[in-house]
Amino acid sequence: MKLSRPISLFLLAFGVWSVFVWTTFVKNLFEDVSGLAFDGAGEPTGYFWVHLVLAVVSFGLGVAIGVIGLRGLLADRRAARG
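Below is the structure:
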């Protein structure tokens, strides 16, 4: 399957954006002082674990989508050369 250059760029941009957003989210999750992520004793709550799993899965999917976009761009570049 050959991806067009605009689609490859979109996928790469989506992957980069996803990595940025979910990395920031996890950083903020660990620094939460509102009482949602950690209880009074400093132990992680269900909210913390659910959102950490969501962030890890989304981060992984963002990386996978970004890699697909990057591979599409590299294939397009190789096709243009030869």
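Each number in our numbering corresponds to the 1-based position in the sequence shown with 1 added. Backbone N, C-alpha and C fix where the C-beta goes; we use that ideal spot for every residue, glycine too.
Comparing alpha carbon positions, the residue from V54, G67, D77, V64 closest to L30 is V54. If you check the CB distance, S9 and L62 do not come in under 8 Å.
Excluding its 5 nearest sequence neighbours in each direction, F60 has C-beta neighbours in its own chain below 6 Å: W23, listed in chain order. For W18, the closest C-alpha among the options F49, A42, V64 is that of V64.
Residue pairing from DSSP places P45 in a beta bridge opposite F39.
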